[in-house]
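As structure tokens, the structure follows; a few thoughts come after it.
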Amino acid sequence: MYSTWNVEALKAKLRERGASLKGRKADLIERLEAYDRNQNFDAVQAEENDDPKMVLPDNDAYLDINSSMKLPPITKEHITLYFLQIQEIERETCGSEKILNGLLTESVA
Numbered sequence: 001m002y003s004t005w006n007v008e009a010l011k012a013k014l015r016e017r018g019a020s021l022k023g024r025k026a027d028l029i030e031r032l033e034a035y036d037r038n039q040n041f042d043a044v045q046a047e048e049n050d051d052p053k054m055v056l057p058d059n060d061a062y063l064d065i066n067s068s069m070k071l072p073p074i075t076k077e078h079i080t081l082y083f084l085q086i087q088e089i090e091r092e093t094c095g096s097e098k099i100l101n102g103l104l105t106e107s108v109a
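Mapping of the sequence shown onto full-length UniProt numbering: position 46 corresponds to residue 46, and the numbering continues sequentially without gaps.
Have a look at this one:
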């Protein structure tokens, strides 16, 4: 199709597509034919690229914490208990990682 076109017409078409204008006439023709073969490539990607929708609760579900808000009493014991629970979770997680690392080391040796 493009073999009857002159070089300036080929370059004009490539310029429309934002493609490189360098090369011999045969290179320009080959580049345009490649664009024609893949002309619907961008459209297919756009259809498949559905961003996941983020489901948020209504604004009424949120509460502001400010000086007029009454909070339950929090003692040092509550805070200590919270941190002990977090440490236990970290210990369990690190322990399982150490076990997996040990198994991997044994299987390599």
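By construction, the Cβ of each residue, glycine as well, lies at the ideal position given by its N, Cα and C atoms.
- DSSP places arginine 31 in the uninterrupted alpha helix (DSSP H) bounded by 25 to 37.
- Beyond the five residues adjoining it in sequence on each side, lysine 25 comes within less than 8 Å, by CB distance, of Val7 and Leu10 in the same chain, given in chain order.
- Cβ-Cβ separation between leucine 14 and leucine 32: approximately 6 Å, consistent with a contact (criterion under 8 Å).
- If you draw a 10 Å sphere on the C-beta of leucine 28, you find 16 or more other C-beta atoms in it, and that means buried.
- It is roughly 12 Å from the alpha-carbon of tyrosine 2 to the alpha-carbon of alanine 34.
- Within the same chain, Cβ atoms closer than 8 Å to the Cβ of serine 20 are found at Leu14 and Arg31, the five residues on either side in sequence being excluded.
- In the DSSP annotation of this structure, the continuous segment of the alpha helix (DSSP H) that includes lysine 13 starts and ends at 7 to 16.
- In this structure, DSSP gives alanine 61 a helical state, which the three-state scheme calls helix.
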